[in-house]
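Mapped onto the working numbering, the consecutive letters of the sequence shown carry residue numbers 114 to 551.
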Amino acid sequence: MPDNPPDLKPPTRFEDLRGILRYVPQFRQRVFVIAIDGALMHQPGFGSLLQDVAVLQSLNIEVVLVFGARAQIQRLAARRGVALSNDDGMGRTDAATLDIAIEAITRQASELMADLTALEMPVVVSNALAVHPAGVIDGVDQEFTGRIERVDVESLGALLKADIIPVLPPLGYDGRGTTLRLNSDAVAVEVAIALKAAKVIFVSEAGLSAPDGARMAQISVAEAREMHRRRDPRHDINLLSKLRHAAIACQEGVPRVHIVDGTQDEALLAELFSNEGVGTMIHADDYQQMRKARSSDVSTLLSMMRQSMEDAALVPRTREQMLARIKDFFVLEVDGNPVGCAAVHTHEEEGRRIAELACLFVRRSHKNRGHGRRLVAYAEEVARQRGCAALVALSTQAFRFFEEKMGFQVTGPESLPRARREQYARSGRNSKVLVKLL
Ligand SMILES: CC(C)(COP(=O)(O)OP(=O)(O)OC[C@H]1O[C@@H](n2cnc3c(N)ncnc32)[C@H](O)[C@@H]1OP(=O)(O)O)[C@@H](O)C(=O)NCCC(=O)NCCS
Numbered sequence: 114m115p116d117n118p119p120d121l122k123p124p125t126r127f128e129d130l131r132g133i134l135r136y137v138p139q140f141r142q143r144v145f146v147i148a149i150d151g152a153l154m155h156q157p158g159f160g161s162l163l164q165d166v167a168v169l170q171s172l173n174i175e176v177v178l179v180f181g182a183r184a185q186i187q188r189l190a191a192r193r194g195v196a197l198s199n200d201d202g203m204g205r206t207d208a209a210t211l212d213i214a215i216e217a218i219t220r221q222a223s224e225l226m227a228d229l230t231a232l233e234m235p236v237v238v239s240n241a242l243a244v245h246p247a248g249v250i251d252g253v254d255q256e257f258t259g260r261i262e263r264v265d266v267e268s269l270g271a272l273l274k275a276d277i278i279p280v281l282p283p284l285g286y287d288g289r290g291t292t293l294r295l296n297s298d299a300v301a302v303e304v305a306i307a308l309k310a311a312k313v314i315f316v317s318e319a320g321l322s323a324p325d326g327a328r329m330a331q332i333s334v335a336e337a338r339e340m341h342r343r344r345d346p347r348h349d350i351n352l353l354s355k356l357r358h359a360a361i362a363c364q365e366g367v368p369r370v371h372i373v374d375g376t377q378d379e380a381l382l383a384e385l386f387s388n389e390g391v392g393t394m395i396h397a398d399d400y401q402q403m404r405k406a407r408s409s410d411v412s413t414l415l416s417m418m419r420q421s422m423e424d425a426a427l428v429p430r431t432r433e434q435m436l437a438r439i440k441d442f443f444v445l446e447v448d449g450n451p452v453g454c455a456a457v458h459t460h461e462e463e464g465r466r467i468a469e470l471a472c473l474f475v476r477r478s479h480k481n482r483g484h485g486r487r488l489v490a491y492a493e494e495v496a497r498q499r500g501c502a503a504l505v506a507l508s509t510q511a512f513r514f515f516e517e518k519m520g521f522q523v524t525g526p527e528s529l530p531r532a533r534r535e536q537y538a539r540s541g542r543n544s545k546v547l548v549k550l551l
């Protein structure tokens, strides 16, 4: 998990800009459902958050906005001296609570419309949800709490196609003209499932953290479900609800759900447009993949490895040298971006085939997450499939890694194929020679 404090400054180098632009084609014309906690709407950074939403829309991302209202409902109830039956749309909503909720939410919707209009974003408050009363749960009549039955995909789709942002408040109306209170996390997830959204992004009052206080950069659906099940004491009910709904969304086909701390400046964009992110991503599938390198990867790989080449951890390679042997290279991608690579070269000698693992590299931001081991294990498999008896590696600075983590043994240059032995002597690098029998 990336624990380093993220660099949230605007990109100053073309390399950074290139990194950001890489995401744009995969996000274009995809639906992102952004659910904002009500508490954030009165914070100083809220204007910038809406500007970030405008940036997403300008990149042709189809944005649906959902907002929560707990903070506003609590505040209004306190002012009026009303005791709430619940404040987040997850428990029973009595008539007095519904009254407060309608007033608070309607005001919020109006304020949001004003803010978005000021940013020249076309926006419509939508009633695209068909809801029913939640009914009796565990013997308790939920009264004015609603359950989402259906999402009007056509009307939302038409708004999105016309570049209009649909805003969905946590209220719904049933066929009898009754207003019902909804939970905003549930609204976001139901809408995302129905629209086959690429992402749900919960912009929350706080982020998720591990027991040591570090940010949890990614968790699987199973982990999210487990944290919710055991009511993880580090996280309040608000975050637990998001974990539960994130798991539902992923289970129903939304590939990624993000939880970002909305009090952090630029959190939304930094989560979406940086490799490491700044929030927590909950993913349904294994979003890492190993693939063959392509010629178009060479520039990215070279720029990624530059420092290690300068430090002599890796043999310096030119673009031409890499292109000439591109077929031997493979790349480990995380979320569509290369984070590591390696190559397997094959040598034939006296009827024996020996594989050489070269150019093993993992991006600094992604170290210590098992990617190095994964790349070496993959190289071993490639070598086995090519009928090689052994895999050798030359290493100046990572020989312990090969020995301790991957079961290689340090030997001498005599284990190298003859052609490589001469090169080895000439290079003067004095690398350790490691071998693993396959
Ligand atoms: C070596 C390298 C590929 C490891 O990648 P990684 O993704 O961090 O590795 P993993 O997450 O699979 O393994 C991490 C473990 O290996 C250990 N490790 C990583 N690099 C090490 C090194 N150079 N020496 C000794 N141990 C090392 C870590 O301490 C960690 O140990 P732990 O699991 O007990 O905590 C990466 O550090 C790298 O790219 N280094 C620079 C380039 C290089 O030296 N390449 C080898 C050229 S042959």
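All C-beta atoms in this analysis are idealised placements derived from N, C-alpha and C, irrespective of residue type, glycine included.
| query | How about Lys480: is its Cβ closer than 7 Å to a heavy atom in ligand 1? | reply | True, at least one ligand heavy atom lies under 7 Å from that Cβ.
| task | Work out the CA separation of Asn173 and Gly202 for me, nearest whole Å. | result | Distance from the CA atom of Gly202 to the CA atom of Asn173, rounded to whole angstroms, is 32 Å.
| task | Report, in whole angstroms, the separation of the C-beta atoms of Lys475 and Gly464, which I expect to be a contact under 8 Å. | result | With the sequence shown as reference, residue 475 is identified as Val, and Lys is not the correct amino acid for it. Contact between Val475 and Gly464 is ruled out by a C-beta separation of about 35 Å, above the 8 Å threshold.
| field | Leu550 CB to nearest heavy atom of ligand 1 below 7 Å | value | Ligand 1 never approaches Leu550 closely enough for any of its heavy atoms to be under 7 Å from the residue's Cβ.
| Taking 7 Å as the cut-off, does the CB of Phe521 come closer than this to any heavy atom belonging to ligand 1? | Outside the cutoff, so no.
| message | Could you tell me the alpha carbon to alpha carbon distance between Leu356 and Val146, rounded to whole angstroms? | response | Distance between the alpha carbons of Leu356 and Val146: 16 Å.
| Ile361 lies in the alpha helix (DSSP H); which residues open and close that run? | Where Ile361 is concerned, the enclosing alpha helix (DSSP H) stretches over Ile350 to Gln364.
| task | Check Ser508 in the structure and name its three-state DSSP category. | result | It is a strand residue.
| Can Gly485 be considered in contact with ligand 1, in the sense that its beta carbon sits closer than 7 Å to one or more heavy atoms? | Answer for Gly485: yes, Cβ within range of ligand 1.
| Proximity of His371 and Phe443 at Cβ, strictly below 8 Å | Cβ atoms of His371 and Phe443: not closer than 8 Å.
| query | Per DSSP, Gln522 forms a beta bridge with which residues? | reply | According to DSSP, which records beta bridges pairwise, Gln522 is partnered with Val548.
| Since Ile372 sits in a beta bridge, which residues does DSSP pair it with? | Beta bridge pairing from DSSP links Ile372 with Phe315 and Thr393.
| said: Which of the three DSSP states is assigned to Ser333 in this structure? | reply: For Ser333, the three-state secondary structure derived from DSSP is strand.
| Ala196 CB to nearest heavy atom of ligand 1 below 7 Å | Checking every heavy atom of ligand 1 against the Cβ of Ala196, none is found closer than 7 Å.
| Within 10 angstroms of its Cβ, does Thr230 collect 16 or more other Cβ (buried), or is it exposed? | Counting Cβ neighbours within 10 Å, Thr230 comes out exposed, since fewer than 16 surround it.
| query | Assuming Arg497 and Leu550 make a contact with CB atoms under 8 Å, what is their CB distance in whole Å? | reply | Not confirmed; about 11 Å, so no contact.
| request: Would you be able to state if there are at least three C-beta pairs under 8 Å between the stretch 134-143 and the stretch 199-213? | output: These segments do not touch.
| Taking Val266 as the reference, which of Ala243, Gly285 and Arg260 has the closest Cα? | Nearest of Ala243, Gly285 and Arg260 to Val266, Cα basis: Ala243.
| task | Work out the CA separation of His460 and Phe515 for me, nearest whole Å. | result | About 20 Å.
| message | Just checking Leu473 against ligand 1 - is the residue's beta carbon closer than 7 Å to any of the ligand's heavy atoms? | response | Checking the Cβ of Leu473 against ligand 1 gives yes.
| First and last residue of the beta strand (DSSP E) that includes Thr459? | Unbroken beta strand (DSSP E) run through Thr459: Asn450 to Glu462.
| request: Give the single residue among Ala502, Gln536, Arg542 and Val253 whose Cα lies nearest to the Cα of Val548. | output: Closest by alpha carbon: Ala502.
| field | alpha helix (DSSP H) segment containing Glu224, residue limits | value | Residues Ala208 to Ala231.
| Opposing strand residues paired with Tyr286 [DSSP bridges] | Bridge partners of Tyr286: Ala243 and Thr292.
| message | Distance check for Leu488 and Ala335, CA to CA, integer angstroms please. | response | In a straight line, the C-alpha of Ala335 is about 25 Å away from that of Leu488.
| Span separating the alpha-carbon of Phe180 from that of Ile215 | C-alpha separation (whole angstroms): 13 Å.
| Looking only at its own chain, which residues have a Cβ that is under 7 Å from the Cβ of Leu163, when we skip the five neighbours before and after it? | If we look at Leu163 and ignore the five residues flanking it on each side, its Cβ neighbours are Asp228, Leu229 and Leu232.
| request: In the DSSP assignment, find the unbroken alpha helix (DSSP H) run with Val195 in it and report its ends. | output: For Val195, no alpha helix (DSSP H) run applies, since DSSP gives it neither H nor E.
| query | In three-state DSSP terms, what is Met403? | reply | In this structure, Met403 counts as strand in the three-state DSSP scheme.
| message | On the CB-based measure, 16 or more other CB atoms within 10 Å of its CB, does Leu414 come out buried or exposed? | response | Result: buried.
| query | Got a sec? Which residues, its chain only, sit under 6 Å from Asp150 by beta carbon, not counting five neighbours each side? | reply | Within the same chain, Gly181, Ser317 and Glu318 come within 6 Å of Asp150 by CB-CB distance, once the 5 residues on both sides are set aside.
| query | Among Pro451, Gly449, Glu446 and Leu473, which residue has its Cα nearest to the Cα of His458? | reply | Considering only alpha carbons, the answer is Leu473.
| query | In its own chain, which residues sit with a C-beta less than 7 Å from the C-beta of Glu262, not counting the 5 before and 5 after it? | reply | Excluding residues within five positions, the ones whose Cβ falls inside 7 Å are Ala243, Val244 and His245.
| query | Beta carbon of Leu269, beta carbon of Leu308: below 8 Å? | reply | In contact: Leu269 and Leu308 (Cβ atoms closer than 8 Å).
| task | Pull up the CB-CB distance for Ala337 and Ala360, whole angstroms please, since I reckon it's below 8 Å. | result | Indeed, because the Cβ distance is near 5 Å, the residues count as touching under 8 Å.
| said: Taking its Cβ as the centre, do 16 or more other Cβ atoms sit within 10 Å of Gln255, making it buried, or is it exposed? | reply: A buried status is given to Gln255, since no fewer than 16 other beta-carbon atoms sit within 10 Å of its beta-carbon.
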